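Undergrad:
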Amino acid sequence: MRQARAPLTQLTPNIERIEVLLGPASVLYGSGDPGGTINTVTKQPLRDPFYAIDATIGNYDFYQGAIDLSGPLNDSKTLLYRLNTGYQSRNSYVDFFNQKQFSIFPVFRWDISKHTHITLEGEYIDQNELLDGGLPVYGTVLPNLNGKIPRGTYLGEPDTRYYIRQYRLGYRLEHQFSDNWSIQQAFQWRVRKITGTAGQRYPDSLDADDRTLNGGLTDPGAYRTNTYDLNVNLTGKFSTGSIGHQLVFGGDLGKYDNREDASGAPARPLDLFDPVYGQPPAGPYIRNYDVRNLQDTVGIYLQDQVTLAPNLKFLLGGRFDLFELSSEDFLANTKDNQSGDGFSPRAGIVYQPIQPLSLYANYSRSFSPVSGRSFEGDLFQPERGTQYEVGVKADLNDRLSATLSFYQLTRIGILTADTRPGVPPDRYAIQIGEQRSRGIELSFQGEILPGWNIIAGYSYTNAIVSEDNTIPVGTRLGNVPENAINFWTSYEIQRGSMKGFGAGVGLFFVGEREGDLSNTFQLPSYFRTDAAIFYQRDRFRAGLNFRNLFDVNYFEAADYEFGIFYGEPLTVQATISWQF
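Residues 257 to 836 in the working numbering are what the sequence shown lists, from first letter to last.
#1: Give the C-beta separation of residue 648 and residue 698 to the nearest angstrom, bearing in mind that I take them to be a contact with Cβ-Cβ under 8 Å.
#2: Give me the Cα-Cα distance between residue 402 and residue 728, rounded to the nearest whole angstrom.
#3: Tell me whether residue 611 sits in a helix, a strand or coil according to DSSP, three-state version.
#4: Could you name the residues that DSSP lists as bridge partners for residue 768?
#5: Look at the alpha carbon of residue 327 and the alpha carbon of residue 270, and state the distance between them as a whole number of angstroms.
#6: Is the CB-CB distance between residue 393 and residue 777 below 7 Å?
#7: Which residues in the same chain as residue 502 place their Cβ atom closer than 6 Å to its Cβ, once the five residues preceding and following it in sequence are excluded?
#8: Taking the CB atoms as reference points, tell me whether residue 343 and residue 321 lie closer together than 7 Å.
#9: Could you have a look at residue 679 and say whether DSSP puts it in helix, strand or coil?
#10: Among the candidates 786, 811, 781, whose CA atom is the shortest distance from the CA of residue 800?
#11: Can you find the residues in the same chain that come closer than 8 Å, C-beta to C-beta, to residue 590, ignoring five residues on each side of it along the sequence?
#12: Go through the stretch 676–743 residue by residue and report every complete run of the beta strand (DSSP E) that reaches 3 residues or more, in order.
#13: Quick check on residue 447: does DSSP put it in helix, strand or coil?
#14: Do residue 821 and residue 390 have their C-beta atoms within less than 7 Å of each other?
#15: Thinking residue 395 and residue 349 are a contact (beta carbons under 8 Å), I'd like their distance in whole angstroms, please.
#16: Do residue 719 and residue 693 have their C-beta atoms within less than 7 Å of each other?
#17: If residue 635 sits next to residue 592, beta carbons under 8 Å apart, how far is it from one beta carbon to the other, in whole angstroms?
#18: Going along the chain, which unbroken runs of the beta strand (DSSP E) with 3 or more residues stay wholly within the stretch 585–644?
#19: Nearest-angstrom Cα distance between residue 838 and residue 627?
#20: Near residue 324, what residues of its chain come up, given a Cβ to Cβ distance below 6 Å and the 5 sequence neighbours on each side ignored?
#21: Would you say residue 610 touches the ligand ADP, meaning its beta carbon is less than 6 Å from a heavy atom?
#22: Give the DSSP-derived three-state secondary structure of residue 265 in the structure shown.
#23: Between residue 686 and chain C, is there a C-beta pair that is closer than 7 Å?
#24: CB-CB under 6 Å to residue 830, same chain, minus the five flanking residues each way: which ones, in chain order?
#25: Closer than 8 Å is the cut-off here; do at least three beta carbon pairs connect the stretch 755–771 with the stretch 786–797?
#26: Can you list, in chain order, the residues of its chain whose CB lies under 8 Å from that of residue 750, leaving out five sequence neighbours each side?
#27: Find out if the Cβ-Cβ distance for the pair residue 371, residue 456 is shorter than 7 Å.
#28: So is residue 686 buried or exposed if we call it buried at 16+ other beta carbons inside 10 Å?
#29: Exposed or buried, residue 611, counting other C-beta atoms within 10 Å across all chains shown (16 or more means buried)?
#30: If we call anything under 7 Å between Cβ atoms a contact, is residue 553 one with residue 500?
#31: Is residue 828 helix, strand or coil when you go by DSSP?
#32: On the three-state DSSP scale, how would you describe residue 412?
#33: Please classify residue 356: does DSSP put it in a helix, a strand, or coil?
#34: Which of helix, strand or coil does DSSP assign to residue 796?
#35: How about residue 669 and residue 691: do their beta carbons lie closer than 7 Å?
#36: For the stretch 441–450 and the stretch 382–389, state whether three or more C-beta atom pairs, one from each stretch, are separated by less than 8 Å.
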């Protein structure tokens, strides 16, 4: 399926919902990168007082709490606020692992007039955790002379930590000229800082005894990023005769400033099956990385959604981008500059031969500047993407629908982790010449009967390297299964003394996946079962969630031959929430 694997540990109490737009909705939604459209909707201030609190506890010492407050700040309700804050502390089935995170998200809205309002948003996230680099392929996916490496083995150093702080400030000014025309102007500034303690271990070879692990230690130094984004767009509805138009015209400015450095030292060998932690480095730390990347971008876009008839709509749009990049290597005392531009068209059509049936097709291209250098010192070229998609959506009734789509997605110059021998892990990327994904997606969702809901999907994906100077054509992309199936169904009792009680079950199948870009090993397929029991009545809700109900031993992902990650064992979490 065309999706990114999101971190499961991120605490985001300010998220109202995440919308994955499929089928005709994704065609007519607006500008977006090929591969799909995901819309994150944050919680906004409410005109009436609202207070909510929830708490979650689970195995592996999982504790989480969140508070959501909102309401007016004055009698006329022209000043509104919303405050979301949360805290999470958790361990893991992996030895020594622990993560803590605190976050706060304030939002203020001022209705300047009936047609004009401004929203101010802030964000602060403070997180620290032990970095889990995974396990070697020998003893997990592939046989090892000494047997299986226990699932919870940790091969780093237990006394090392990563500290992450993230800040965001921004505003959104909106003005309604009339019922049909409005303008929006937004700005946001984001800061991300990452520091870590020295002694982070990374492996790079395994001796013939299949238990002596060699590698190095890193002092991650500091990672600092400042990002500025300014956007303005005008939206309007009008008609030319019998033809309706929904127009979007706008532009944006962006600035990205990143500085990071690191040092490395040789590590003493570590026994996979009897690790001795806290060993001193085998040599001194030497600074091996110190770079700064600057990026300035300008974009202009125009889009028109045209209604030719009630059952026929099409979208036509385009975006033009300009960029300037500079990359400075302070160790090599070199500085490089590059600039360029690109035009990205977008077109889509939706036709309804009958009201419940929608036929759709779309074509889109994308353009994205890429900063930085490869391990060999070559500057990265801009990434380009092209997607073709056709499909059909059927509304089986007013609550149940199914979508079938066929697509081809081609991306040129996409970055992926450089896991070649001799390249320090997690430090360099490699740019694939051309990557092509072809596939079929079938989804089915809605309410079968009152209280009985279902979400199901199947995807077939053929993702390969289609053109490259170093990677063989036909090489399959890592962590992408050919076949994947997801199924979730739940039922909630609708009446009687048991009203509000419900249960759900989810079944997930993921097929075999290549473990690395060299296709030297495969992660086996797996079948996982999740479940939930819940009760909700008025403003009270309680739930018990089970992930990997039958404690299946499976592999979730692989970064490279020394970065194999098991899926979580049986995980149980209980949540209680109240709204006031």
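Each residue gets a CB set at the ideal place from its N, CA and C atoms; glycine is no exception. Keep in mind the model is a prediction, meaning the values are calculated, not measured.
TA: In short, the structure shows the following:
#1: Along the sequence shown, read from residue 1 onward, the residue named residue 648 stands at position 392. Along the sequence shown, read from residue 1 onward, the residue named residue 698 stands at position 442. About 10 Å; that fails the 8 Å criterion.
#2: Residue numbering aside, residue 402 sits at position 146 when the sequence shown is read from its first letter. Residue numbering aside, residue 728 sits at position 472 when the sequence shown is read from its first letter. Each residue's alpha carbon lies about 34 Å from the other.
#3: Numbered from its first residue, the sequence shown carries residue 611 at position 355. Reduced to three states, the DSSP call for residue 611 is coil.
#4: Counting from 1 along the sequence shown, the entry for residue 768 is found at position 512. For residue 768, which the question treats as bridged, DSSP gives no partner whatsoever.
#5: Here residue 327 refers to the residue found at position 71 of the sequence shown. Here residue 270 refers to the residue found at position 14 of the sequence shown. Going from the Cα of residue 327 to the Cα of residue 270 covers about 15 Å.
#6: Along the sequence shown, one-based indexing puts residue 393 at 137. Along the sequence shown, one-based indexing puts residue 777 at 521. Yes.
#7: The residue labelled residue 502 in the question sits at position 246 within the sequence shown. Closer than 6 Å at the Cβ level, and outside the excluded window around residue 502, lie 493, 561.
#8: If you number the sequence shown from 1, residue 343 lands on position 87. If you number the sequence shown from 1, residue 321 lands on position 65. Going by C-beta atoms, residue 343 is nearer than 7 Å to residue 321.
#9: Along the sequence shown, one-based indexing puts residue 679 at 423. It is coil, neither helix nor strand.
#10: Walking along the sequence shown from the start, residue 800 turns up at place 544. Selected option, being the one with the closest Cα: 786.
#11: The residue given as residue 590 occupies position 334 in the sequence shown. Answer for residue 590: 584, listed in chain order.
#12: 685–705, 708–723
#13: Locating residue 447 in the sequence shown gives position 191, where the first residue counts as 1. It is a strand residue.
#14: Within the sequence shown, residue 821 is the residue found at index 565, counting from 1. Within the sequence shown, residue 390 is the residue found at index 134, counting from 1. Yes. Within cutoff.
#15: The sequence position of residue 395 within the sequence shown is 139, counting from 1. The sequence position of residue 349 within the sequence shown is 93, counting from 1. Between residue 349 and residue 395 the Cβ distance is about 17 Å, and since that is not below 8 Å, they are no contact.
#16: Here residue 719 refers to the residue found at position 463 of the sequence shown. Here residue 693 refers to the residue found at position 437 of the sequence shown. In contact: residue 719 and residue 693 (Cβ atoms closer than 7 Å).
#17: On the sequence shown, residue 635 is found 379 positions in, with the first residue counted as 1. On the sequence shown, residue 592 is found 336 positions in, with the first residue counted as 1. Rounded, the Cβ-Cβ distance is 6 Å, consistent with contact.
#18: 590–610, 613–624
#19: Within the shown structure, residues of the chain are numbered from 257 to 836, placing residue 838 beyond reach of any answer.
#20: If you number the sequence shown from 1, residue 324 lands on position 68. Closer than 6 Å at the Cβ level, and outside the excluded window around residue 324, lie 308, 340.
#21: The ligand ADP is absent from the structure shown, which contains no ligands of any kind.
#22: Against the sequence shown, residue 265 aligns to sequence position 9. Low confidence applies here, because residue 265 scores a pLDDT of 46, under 50, leaving its location unreliable and the question unanswered by this model.
#23: The structure shown contains no chain C; it holds only a single protein chain.
#24: Taking the sequence shown and counting its residues from 1, the one referred to as residue 830 is at position 574. Around residue 830: 313, 800.
#25: yes
#26: Stepping through the sequence shown from its first residue, residue 750 is reached at position 494. Answer for residue 750: 706, 707, listed in chain order.
#27: To locate residue 371, count along the sequence shown from 1; it is residue 115. To locate residue 456, count along the sequence shown from 1; it is residue 200. It is not a contact, given that the beta carbons lie outside the stated cut-off.
#28: Position 430 of the sequence shown, counted from the start, is the residue given in the question as residue 686. Classification for residue 686: buried.
#29: For the purposes of this step, residue 611 is taken as the residue at position 355 of the sequence shown. Answer is exposed; the Cβ neighbour count stays below 16.
#30: Taking the first residue of the sequence shown as 1, we reach residue 553 at position 297. Taking the first residue of the sequence shown as 1, we reach residue 500 at position 244. No, the Cβ-Cβ distance between residue 553 and residue 500 is not below 7 Å.
#31: Walking along the sequence shown from the start, residue 828 turns up at place 572. Strand, per DSSP.
#32: Indexing the sequence shown from 1 puts residue 412 at position 156. Residue 412 falls in the coil class under three-state DSSP.
#33: Counting from one through the sequence shown, the residue named residue 356 turns up at place 100. Reduced to three states, the DSSP call for residue 356 is strand.
#34: Numbered from its first residue, the sequence shown carries residue 796 at position 540. Reduced to three states, the DSSP call for residue 796 is strand.
#35: In the sequence shown, residue 669 corresponds to position 413, counting from 1. In the sequence shown, residue 691 corresponds to position 435, counting from 1. Their beta carbons are not under 7 Å apart, which means residue 669 does not touch residue 691 by this criterion.
#36: no
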